[in-house]
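Reading through the structure tokens given below for one structure.
There are 2 protein chains.
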Amino acid sequence: MDIRNLKLFRHLAGTLHFARTSQACYITPSALTRVIQRLEAELGETLFIRDNRSVALTPAGLAFKKYSDDVLQRWARLHDELSSENILEGELSLYCSVTASYGILPDLMSLYRKAHPSVKIHLETGDAAKALIKLSAQDADMVIAALPDLLPKDLIFQPLAQTPLVFIAPLQDPEIILHAQGGMDWERTPLIIPDHGLSRDRIDKWFAKENCIPNIYSRVAGNEAIIVMVSLGFGIGLVPRMVLEESPFLNRVRILEETPELQPFVIGLCTRKKTLANPRVKALWSIADKIIV
Amino acid sequence: MDIRNLKLFRHLAGTLHFARTSQACYITPSALTRVIQRLEAELGETLFIRDNRSVALTPAGLAFKKYSDDVLQRWARLHDELSSENILEGELSLYCSVTASYGILPDLMSLYRKAHPSVKIHLETGDAAKALIKLSAQDADMVIAALPDLLPKDLIFQPLAQTPLVFIAPLQDPEIILHAQGGMDWERTPLIIPDHGLSRDRIDKWFAKENCIPNIYSRVAGNEAIIVMVSLGFGIGLVPRMVLEESPFLNRVRILEETPELQPFVIGLCTRKKTLANPRVKALWSIADKIIV
DNA sequence: CATTATATTTCATTATTTGAAATATAATGT
DNA sequence: ACATTATATTTCAAATAATGAAATATAATG
Chain S
1 MDIRNLKLFR
11 HLAGTLHFAR
21 TSQACYITPS
31 ALTRVIQRLE
41 AELGETLFIR
51 DNRSVALTPA
61 GLAFKKYSDD
71 VLQRWARLHD
81 ELSSENILEG
91 ELSLYCSVTA
101 SYGILPDLMS
111 LYRKAHPSVK
121 IHLETGDAAK
131 ALIKLSAQDA
141 DMVIAALPDL
151 LPKDLIFQPL
161 AQTPLVFIAP
171 LQDPEIILHA
181 QGGMDWERTP
191 LIIPDHGLSR
201 DRIDKWFAKE
211 NCIPNIYSRV
221 AGNEAIIVMV
231 SLGFGIGLVP
241 RMVLEESPFL
251 NRVRILEETP
261 ELQPFVIGLC
271 TRKKTLANPR
281 VKALWSIADK
291 IIV
Chain X
294 MDIRNLKLFR
304 HLAGTLHFAR
314 TSQACYITPS
324 ALTRVIQRLE
334 AELGETLFIR
344 DNRSVALTPA
354 GLAFKKYSDD
364 VLQRWARLHD
374 ELSSENILEG
384 ELSLYCSVTA
394 SYGILPDLMS
404 LYRKAHPSVK
414 IHLETGDAAK
424 ALIKLSAQDA
434 DMVIAALPDL
444 LPKDLIFQPL
454 AQTPLVFIAP
464 LQDPEIILHA
474 QGGMDWERTP
484 LIIPDHGLSR
494 DRIDKWFAKE
504 NCIPNIYSRV
514 AGNEAIIVMV
524 SLGFGIGLVP
534 RMVLEESPFL
544 NRVRILEETP
554 ELQPFVIGLC
564 TRKKTLANPR
574 VKALWSIADK
584 IIV
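Those sequence lines, one after another, are chains S and X. For the first sequence, the numbering used here begins at 1 and goes up steadily by one. For the second sequence, the numbering used here begins at 294 and goes up steadily by one.
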């Protein structure tokens with residue numbers, strides 16, 4: 001009957017789909033199943049009628065949904081009350097990959113500033129790969145970055161957004177894409193991919209799985225640069241869609257549809273567990289927490 | 294942020310006393326301390342200012358108290374809604390020691406009947422010592438009884454009331470109490486104590502601790518009988534105060550003030566963990582749960 | 001009939017919570 | 001001044017609960 005469980009329940013009541021909710025909330029379907037089972041046991045009521053094909057709220061589930069909504073709303077209000085009591089001062093240092101900053105940072109920062117106008121924000125943007133290093137070196141209190149495959153134990157991560165990796169091709173020079181039977185010829189079409197970092201790992205893994213040796217035309221540091229290179233017709237590239245959407249070169253490239261499905265990027269707020277003791281950090285953390293609610 | 298933690302917090306906010314709340318809520322002070330610490334960590338706010346001598350709510354604590362009250366009230370409403378959906382039928386068997394039944398049973402039963410009028414109650418009263426046996430033998434779904442010193446692992450207990458053990462003396466024949474220097478002479482004053490059961494254990498333990506061999510005039514089965522014997526002037530007796538208060542012989546005896554402090558009786562509802570799956574049992578369980586809230 | 005989509009179990013691991021006892025600290029009584 | 005009492009907190013080992021990965025179950029779809 002934890003706040004977290006109420007949130008999970010409510011999300012599921014919205015999607016009516018265990019797999020989708022578990023993905024969106026970053027827990028395994030197994031854990032989600034049992035969260036619901038526990039709620040049901042505690043209430044002594046079935047909340048969802050479910051089989052492999054369908055999930056539906058029972059009347060008791062509906063009553064519990066209203067309860068959850070009320071409690072979560074009251075919870076948000078409590079937070080407002082508490083944060084308005086606490087006028088924080090001092091400085092908060094935030095590091096943000098350029099990739100990560102698009103679309104997310106503004107929302108978060110404007111909420112934070114409203115709640116704590118006298119906290120000075122020290123913001124640095126830079127290479128996504130450096131984000132976690134900055135944290136561990138205590139060079140930044142918090143970072144906004146993509147969730148790596150392996151998060152160090154002393155860090156905690158809170159997802160804020162998700163964005164798929166997309167392949168892009170120049171609008172001019174369509175002949176740059178070479179075809180084999182059955183689709184694109186990945187071994188000959190020139191590729192422009194990141195020099196290092198998470199999306200590089202993902203594409204490398206895919207090529208390895210496919211037993212395919214790509215024709216890497218150019219390795220580039222920085223997603224923005226990749227878009228430029230692609231727009232100039234040097235090859236096809238791989239970037240997080242969120243970066244593409246903000247790019248001034250958006251209208252010079254197109255997204256390729258028939259490309260491998262790579263695991264999407266999960267962008268979120270990350271900090272050292274210990275740093276959460278810092279009230280300014282804690283404050284941003286719980287603001288982020290409310291955003292997903 | 295569990296319902297249970299909210300209840301604990303709220304109780305503490307009322308008593309402002311860790312030891313008292315932990316006793317009343319049947320957890321160790323250590324656990325209570327850490328429940329509060331966890332709440333404080335989760336909220337990032339101090340809820341109580343405390344030292345060894347005093348406990349006081351902070352402003353944040355007050356805000357959280359209001360939150361707790363609201364949530365617990367909403368929680369009770371949810372239960373009302375759910376139970377009004379579920380019209381239960383069938384039978385519920387309840388065993389109740391005579392001791393235990395005074396004062397508690399009527400409240401509980403009238404609430405239960407209001408919520409589930411078509412459940413037939415099979416009620417049996419009898420010796421308190423048999424209560425747990427009845428449960429284990431599946432002879433009763435639930436019992437109301439005193440909490441024994443050691444509760445079998447497969448049972449769960451929910452406290453409902455507490456009553457001290459009191460010594461009583463006849464109003465007539467005051468000379469029956471013999472005095473030594475410093476107070477009553479426990480070795481010579483004739484005693485009327487229970488033949489067996491929890492209060493017998495308690496008094497035996499006390500005599501052992503005091504290195505004192507009591508003058509047991511009579512061993513009696515059944516607290517009601519003890520009161521009768523005492524009222525007739527046969528000696529002094531030991532009974533739970535709750536039993537005394539309901540006795541027709543109340544005005545023929547008096548409570549002795551300067552007597553050893555024995556651990557009070559904790560009267561409550563008890564059932565097998567597994568039996569909670571039975572919806573009628575579960576229903577009474579959660580009604581009892583609401584009584585203490 | 002194989003494949004796919006989906007929820008649930010199982011099992012081993014990890015994390016959390018607990019009680020008992022020790023500790024710390026301030027007030028009170030002698 | 002010093003032992004005693006009352007009280008909250010820590011420490012430590014043990015018990016409980018929650019988790020993810022993989023296996024399983026089940027029904028729909030191609």
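By construction, the Cβ of each residue, glycine as well, lies at the ideal position given by its N, Cα and C atoms.
Asked: Ordered list of beta strand (DSSP E) runs contained in the segment 65 to 106 of chain S, each at least 3 residues; Found: 90 to 97
Asked: Backbone CA spacing between S:M229 and S:D204 [nearest angstrom]; Found: 20 Å
Asked: Beta-carbon proximity check, S:I192 vs S:S218, cutoff 7 Å; Found: yes
Asked: Proximity of X:A462 and X:R547 at Cβ, strictly below 7 Å; Found: yes
Asked: Inter-stretch contact at 8 Å, needing at least 3 Cβ pairs: the segment 118 to 134 of chain S / the segment 85 to 94 of chain S; Found: yes
Asked: C-beta contact flag for X:L443 and X:S492 at 7 Å; Found: no
Asked: X:P410 to S:F48 span [Cα, whole Å]; Found: 27 Å
Asked: Inter-stretch contact (C-beta, 8 Å, three-pair minimum) for the segment 284 to 291 of chain S and the segment 263 to 276 of chain S; Found: yes
Asked: Cα-Cα separation, X:S390 to X:N516; Found: 10 Å
Asked: Alpha carbon of S:P194 to alpha carbon of S:V220, nearest angstrom; Found: 5 Å
Asked: Closer than 7 Å to chain X by CB, S:I176; Found: no
Asked: Endpoints, the alpha helix (DSSP H) within which X:Q330 is located; Found: P322 to L336
Asked: Residues from the segment 60 to 75 of chain S in contact with chain X, defined by Cβ distance under 9 Å; Found: A60, A63, F64, K66, Y67, D70, V71, R74 and W75
Asked: Residue interval of the alpha helix (DSSP H) (run including X:L491); Found: L491 to E503
Asked: Neighbour-count burial assignment, X:T321, 16 or more Cβ in a 10 Å radius; Found: exposed
Asked: Counterpart residues of X:S347 in DSSP-defined beta bridges; Found: None, per the DSSP bridge assignment.
Asked: Spatial distance of S:L12 from S:T189 (CA atoms); Found: 43 Å
Asked: Contact set between X:K575 and chain S, taken where Cβ atoms lie within less than 8 Å; Found: G44
Asked: Buried versus exposed call for S:Y112 [16 or more other C-beta atoms within 10 Å across all chains shown]; Found: buried
Asked: Contacts that X:M294 makes with chain S (C-beta to C-beta distance below 7 Å); Found: D2 and I3
Asked: is_contact[S:L8, chain X] using C-beta, thresh 7 Å; Found: no
Asked: Cβ of X:L387 within 7 Å of any chain S Cβ; Found: no
Asked: Whole-angstrom distance between X:L336 and X:I296, CA atom to CA atom; Found: 16 Å
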